[in-house]
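Chemist: Chains A and B supply the protein sequences, listed in that same order.
The first sequence lines up with residues 8 to 133 when you count with the numbering used here.
The second sequence lines up with residues 6 to 356 when you count with the numbering used here.
Beta carbons: idealized from backbone N, C-alpha and C, even for Gly.
A single structure is presented below for examination.
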Amino acid sequence: MSWKKVCAVAEVPENALEKFEIDGIEIIIANYGSGFRAFPPRCPHMEEPLCDSGVLFDGMLTCTKHLWQWDMATGERTGIAEKELLFYDVKQEGEDIYAHVEQALVYEDDDDDEEEEDDDDFFNAD
Amino acid sequence: MTTKTLNIQVNARNRAYALDGTSNDKILNLGLSNAVDLPYECGSGTCGTCKARLISGEICDQWPEAPGRKFLKLKKGEFLMCQCAAKTDSVIEVESFVHTMEAGACVPAPLKGRISSVKLLTPDVIFLQIALQQTVDFDAGQFMLVQFPEIVGFRGWSMVNYERHAKTLDFVIKKKPGGELSEWLFNNNCDGVEVDLFGPMGNATFYSRLAKNILCIAGGSGIAGIMSILSRASQDGYFSQYNGDVFFGVRTMKDAFFLDELSVLRGECGEKLNITIALSEEAAPDDARTDYPLLTFDQGFVHEVAGRHMEDRYQNLRAYLAGPPPLVNGSIGMLLRARVTTDNIRYDKFS
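Given below as structure tokens:
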């Protein structure tokens, strides 16, 4: 597997995070204004789905679960974030965005998640 | 029940801590009561923030059904420190940095009290007061874990009141139809019933040396901790120098409570404190403005109302958020887009 077309540029407006599936691998495309980033769909901290929990503004991605942040231009973590984001190489050709996807990027310790999904009771706590 | 002393070694990213406890001590509580600021958020088994990994020894999970277990990798020995106690000498690993609490922090401890008042504030919000056997100090905005007889597990609620050496703690609880706790509180004569507590906990705290304008966005029972913050600010005369903007979201006027108390606070604190009641499902009736002339009423989701009213007044500001996750997440997005830095956004996602 190599460069794969993910989406059209117009599908990811500035400051948007959009999730796509490439040959069964979910990735997020982020438009941070001066470029695009491609990364796995979950936060490396608590596995929050970044399409829902992520806020992208001023080139900074913030996960609202614990306010971990990453600078999209440099790819580096900032503030209280303790783990790096993993990135797929991404490029724009014409009006399309391509990502270099060999296999799903996984965070350390995330490769054998054996827990079944549970009903989320968080919203209904007394 | 054993009283044998056990050694629990906590290996954090920056250093190790040696704790002496017993098989009755939940590891999170043991660490916090020794002023070791272990990671947590709800402290009651839902958020998963306090996950750790067992390196050696044996632990006992006191609530195997805790919803926060969905964040764990059990095969790798992960567990929730808020629900587990050591059965033997143990070594655990916490992957984050862990520091000791600052001097002067209100170090959490086990407490005992008894229920002294239960009443309805609205059809689905309960006021609960607990009289303590001993006084406790806490910071405005903190919460307490409370365990009732016959009800499994501790629940976390923010204190409404604020005072040093508090003898009573006031809480507001969202009533769930058919909910175990709601049923117990209303179908039993609870006055005088003894309860166990642990706290105070939480980092969404206010103190007067903050020296910033404050913005509070709360929904429903989330107003509890904000009331405590306003109480402390009022006692300290904080709003003679700094601005306060409070947005309290409820669905309709029938769901609103503490409006008399908020009016009193507004009267005490003066014009630098603005309090807006945001109604998400109806326009404010005319008599609301007549009955509460010191309060402002508006229609919409509370963080959207806050965004409209704040406009560009985000300079030198600390924001406190409290309420259901959609409110907190929506508010965080609004604040980040207003360029409020993350160190000035405080919340505890637990209620």
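For the alpha helix (DSSP H) holding residue 35(A), just list the boundary residues, first then last.
Modeler: Your numbering for residue 35(A) matches position 28 in the first sequence. Not the alpha helix (DSSP H): residue 35(A) falls in the beta strand (DSSP E), residues 32–38.
Chemist: Checking the sheet assignment: what are the DSSP bridge partners for residue 125(B)?
Modeler: Here residue 125(B) refers to the residue found at position 120 of the second sequence. Beta-bridge pairing links residue 125(B) to 131(B).
Chemist: Helix, strand or coil for residue 61(A) per DSSP?
Modeler: For the purposes of this step, residue 61(A) is taken as the residue at position 54 of the first sequence. Note: residue 61(A) maps to strand in three-state DSSP.
Chemist: Please report the straight-line C-alpha distance between residue 113(A) and residue 332(B), rounded to a whole angstrom.
Modeler: Locating residue 113(A) in the first sequence gives position 106, where the first residue counts as 1. Locating residue 332(B) in the second sequence gives position 327, where the first residue counts as 1. Distance between the alpha carbons of residue 113(A) and residue 332(B): 31 Å.
Chemist: On the three-state DSSP scale, how would you describe residue 356(B)?
Modeler: The sequence position of residue 356(B) within the second sequence is 351, counting from 1. Bear in mind that the predicted position of residue 356(B) carries a pLDDT of just 41, short of 50, making it too unreliable to give a figure here.
Chemist: With 8 Å as the C-beta to C-beta threshold (strictly closer), list the residues of the stretch 320–350 of chain B near chain A in chain order.
Modeler: Those residues of the stretch 320–350 of chain B that come within reach of chain A (Cβ to Cβ, closer than 8 Å) are 329, 330, 333, 334, 337, 338, 341, 342, 344, 347, 348 and 350.
Chemist: For residue 62(A), return the contacting residues in chain B, with the cut-off set at a CB-CB distance below 8 Å.
Modeler: For the purposes of this step, residue 62(A) is taken as the residue at position 55 of the first sequence. 337, 338, 341 and 342, listed in chain order.
Chemist: Determine the chain B residues that contact residue 40(A) at a beta-carbon separation under 8 Å, and present them in chain order.
Modeler: Position 33 of the first sequence, counted from the start, is the residue given in the question as residue 40(A). Result: empty, since nearest Cβ-Cβ is about 13 Å, beyond 8 Å.
Chemist: What is the C-beta distance between residue 161(B) and residue 150(B), in whole angstroms, given that I count them as a contact (C-beta under 8 Å)?
Modeler: Along the second sequence, read from residue 1 onward, the residue named residue 161(B) stands at position 156. Along the second sequence, read from residue 1 onward, the residue named residue 150(B) stands at position 145. Their Cβ separation, rounded to whole angstroms, is 5 Å, which keeps residue 161(B) and residue 150(B) in contact under 8 Å.
Chemist: Excluding the 5 residues flanking residue 305(B) on each side, which residues of the same chain have their C-beta closer than 7 Å to its C-beta?
Modeler: For the purposes of this step, residue 305(B) is taken as the residue at position 300 of the second sequence. 283 and 285, listed in sequence order.
Chemist: Can you name the residues that DSSP bridges to residue 249(B)?
Modeler: Stepping through the second sequence from its first residue, residue 249(B) is reached at position 244. In DSSP, residue 249(B) forms a bridge with 219(B) and 278(B).
Chemist: What do you get for residue 117(B), buried or exposed, if any count of 16 or more other CB atoms within 10 angstroms of its CB means buried?
Modeler: Indexing the second sequence from 1 puts residue 117(B) at position 112. Exposed, because fewer than 16 other Cβ atoms sit within 10 Å of the Cβ of residue 117(B).
Chemist: With a CB to CB cut of under 6 Å and the five nearest residues on each side skipped, what residues in its chain are close to residue 127(B)?
Modeler: Along the second sequence, read from residue 1 onward, the residue named residue 127(B) stands at position 122. The answer, listed in chain order, is 260 and 262.
Chemist: Which ranges would you report for the beta strand (DSSP E) in the stretch 265–330 of chain B if only whole runs of at least 3 residues count?
Modeler: You should have 278–284, 301–304 and 322–327.
Chemist: Taking its Cβ as the centre, do 16 or more other Cβ atoms sit within 10 Å of residue 169(B), making it buried, or is it exposed?
Modeler: Numbered from 1 along the second sequence, position 164 holds the residue referred to as residue 169(B). Exposed, since its Cβ has fewer than 16 Cβ neighbours within 10 Å.
Chemist: Could you tell me whether any Cβ in chain A is nearer than 9 Å to the Cβ of residue 20(B)?
Modeler: Here residue 20(B) refers to the residue found at position 15 when the second sequence is read from its first residue. Judged by the 9 Å Cβ criterion, residue 20(B) is not in contact with chain A.
Chemist: Rounded to the nearest angstrom, how far is the Cβ of residue 147(B) from that of residue 204(B), given a contact under 8 Å?
Modeler: As a position in the second sequence, residue 147(B) is number 142, starting the count at 1. As a position in the second sequence, residue 204(B) is number 199, starting the count at 1. About 7 Å; that satisfies the 8 Å criterion.
Chemist: Kindly list the residues whose CB is nearer than 8 Å to the CB of residue 324(B), restricted to its own chain and excluding five residues on each side of it in sequence; keep chain order.
Modeler: Here residue 324(B) corresponds to residue number 319 of the second sequence, with the count starting at 1. Around residue 324(B): 219, 220, 221, 222, 336, 340, 345, 349, 350 and 351.
Chemist: May I ask you to report which of helix, strand or coil DSSP gives residue 229(B)?
Modeler: Residue mapping note: residue 229(B) aligns to position 224 of the second sequence, counting from 1. Helix, per DSSP.
Chemist: Roughly how many angstroms lie between the CA atoms of residue 133(A) and residue 264(B), to the nearest whole one?
Modeler: On the first sequence, residue 133(A) is found 126 positions in, with the first residue counted as 1. On the second sequence, residue 264(B) is found 259 positions in, with the first residue counted as 1. In this prediction, residue 133(A) has a pLDDT of 39, which is less than 50 and means its spatial position is unreliable; what the coordinates show is noted afterwards. Taking the straight line joining both Cα atoms gives about 23 Å.
Chemist: Quick check on the burial criterion: 16 or more other C-beta atoms within 10 angstroms. Buried or exposed for residue 271(B)?
Modeler: In the second sequence, the residue the question calls residue 271(B) occupies position 266. Buried, by the Cβ-count rule.
Chemist: Helix, strand or coil: how does DSSP classify residue 184(B) here?
Modeler: Looking up residue 184(B) in the second sequence gives position 179. Residue 184(B): coil per DSSP, three-state reduction.
Chemist: Kindly say whether residue 93(A), judged by its beta-carbon, lies nearer than 9 Å to any beta-carbon of chain B.
Modeler: The sequence position of residue 93(A) within the first sequence is 86, counting from 1. Taking Cβ atoms only, chain B never reaches closer than 9 Å to residue 93(A), which makes this a no.
Chemist: If the cut is a Cβ gap below 8 Å, which residues of chain A does residue 101(B) touch?
Modeler: For the purposes of this step, residue 101(B) is taken as residue 96 along the second sequence, with counting starting at 1. Going along chain A in sequence order, the residues near residue 101(B) (Cβ under 8 Å) are 89.
Chemist: 9 Å is my cut-off, CB to CB: does residue 207(B) come that close to chain A?
Modeler: Reading the second sequence from its first residue, position 202 is the one you call residue 207(B). Cβ-Cβ to chain A under 9 Å: no for residue 207(B).
Chemist: If you drop the 5 nearest sequence neighbours on each side, which residues of the same chain put their C-beta closer than 7 Å to that of residue 313(B)?
Modeler: Start at 1 with the first residue of the second sequence, and residue 313(B) comes out as number 308. No residues qualify anywhere along the chain.
Chemist: Going along the stretch 48–82 of chain B in order, which residues come within less than 8 Å of chain A, judged by CB to CB distance?
Modeler: Residues 49, 51, 52, 53, 54, 72, 74, 75, 76, 77, 78, 79, 80 and 81.
Chemist: Is there a Cβ from chain B that is less than 9 Å from the Cβ of residue 79(A)?
Modeler: Residue numbering aside, residue 79(A) sits at position 72 when the first sequence is read from its first letter. No, because no Cβ of chain B sits closer than 9 Å to the Cβ of residue 79(A).
Chemist: Between which residues of its own chain and residue 67(B) is the CB-CB distance below 6 Å, once the five residues before and five after are set aside?
Modeler: By one-based count along the second sequence, residue 67(B) stands at place 62. Here the set comprises 88.
Chemist: Can we say the stretch 182–190 of chain B touches the stretch 245–255 of chain B, given the rule of at least three CB pairs closer than 8 Å?
Modeler: Taking 8 Å as the limit for Cβ pairs, the verdict is that the stretch 245–255 of chain B does not touch the stretch 182–190 of chain B.
Chemist: What distance in whole Å lies between the Cβ atoms of residue 233(B) and residue 123(B), which are believed to be in contact at a cut-off of 8 Å?
Modeler: For the purposes of this step, residue 123(B) is taken as the residue at position 118 of the second sequence. For the purposes of this step, residue 233(B) is taken as the residue at position 228 of the second sequence. Actually they do not touch by this definition, with Cβ atoms about 19 Å apart.
Chemist: If the cut is a Cβ gap below 7 Å, which residues of chain B does residue 57(A) touch?
Modeler: Residue mapping note: residue 57(A) aligns to position 50 of the first sequence, counting from 1. Simply none; closest approach about 12 Å.
Chemist: Specify the secondary structure class of residue 70(B) as computed by DSSP and reduced to three states.
Modeler: For the purposes of this step, residue 70(B) is identified with residue 65 of the second sequence, where counting begins at 1. Coil at residue 70(B), not helix or strand.
Chemist: With residue 101(B) and residue 59(B) assumed to form a contact (beta carbons below 8 Å), what rounded beta-carbon distance in angstroms separates them?
Modeler: Here residue 101(B) refers to the residue found at position 96 when the second sequence is read from its first residue. Here residue 59(B) refers to the residue found at position 54 when the second sequence is read from its first residue. Contact doesn't hold; Cβ gap of about 16 Å is too wide.
Chemist: Over what stretch of residues does the alpha helix (DSSP H) that includes residue 36(B) continue unbroken?
Modeler: Sequence index remark: in the second sequence, residue 36(B) carries index 31 (1-based). Note, residue 36(B): alpha helix (DSSP H), 32–38.
Chemist: Determine, using beta carbons only, whether residue 52(B) and residue 73(B) come nearer to each other than 9 Å.
Modeler: Taking the first residue of the second sequence as position 1, residue 52(B) is located at position 47. Taking the first residue of the second sequence as position 1, residue 73(B) is located at position 68. For residue 52(B) and residue 73(B), yes; Cβs fall inside 9 Å.
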